[in-house]
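A short worksheet on the structure shown next.
Next up, the structure:
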């Protein structure tokens, strides 16, 4: 039974990673300007961390970071480092500070995740430009505007998905969603 659960969990994470990556690429390529700033990979990982505070979901962020690394044009290692550090910070805040889940916490965690992710990427790119001048031209005004748009759209999408899952799990009370039943 344990081997079946292990195989099912690996299959589940492969499907989640594949679907999130396909959706992320589709959002970037198909949607117009303000809406193509939605970071669906970060949305999925923060959503998984909020719904089930589990260390396995934190390890999934390493695979997501690697896929983001393959899709980006910045030097190798910057994206995966920023993504894993920001998701580790979100996980730490969710387990140690904000243990209660509400829509406000979802907004805050989405904002913290995106802000730290983009702040670390921008800092590492500035350091890269210091050691290799002229590699990347950063207009910090445009970076700030894009960061604001990304925070607003991604946190709104995250809160909407959280509200829908909360409605499904709490209001409709499906018994098959509950993982373990405790007999009294």
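Residue numbers (our numbering): 1 to 184. Every residue, glycine too, gets a C-beta built ideally from N, C-alpha and C. Keep in mind it's a predicted model, so treat the numbers as computed, not measured.
Under the 8 Å Cβ criterion, the region 36–51 counts as touching the region 147–161, having at least three qualifying pairs. With distances taken between CA atoms, residue 38 lies nearest to 110 out of 139, 93, 79 and 110.
A check of alpha carbon separations from residue 32 across 162, 164, 168 and 153 identifies 153 as the nearest.
Taking 7 Å as the cut-off, the Cβ atoms of residue 65 and residue 84 count as close.
In the three-state scheme derived from DSSP, where H, G and I count as helix and E and B as strand, residue 38 is classed as coil. Going by beta carbons, residue 68 and residue 79 fall inside the 7 Å limit.
Put simply, the backbone Cα of residue 136 is about 21 Å away from that of residue 28. Contact between the region 7–22 and the region 131–147 is not established, with fewer than three Cβ pairs separated by less than 8 Å. The residue from 9, 36, 8 and 112 with its alpha-carbon nearest to that of residue 146 is 36. Within the model, the alpha-carbon separation for residue 62 versus residue 127 is close to 23 Å.
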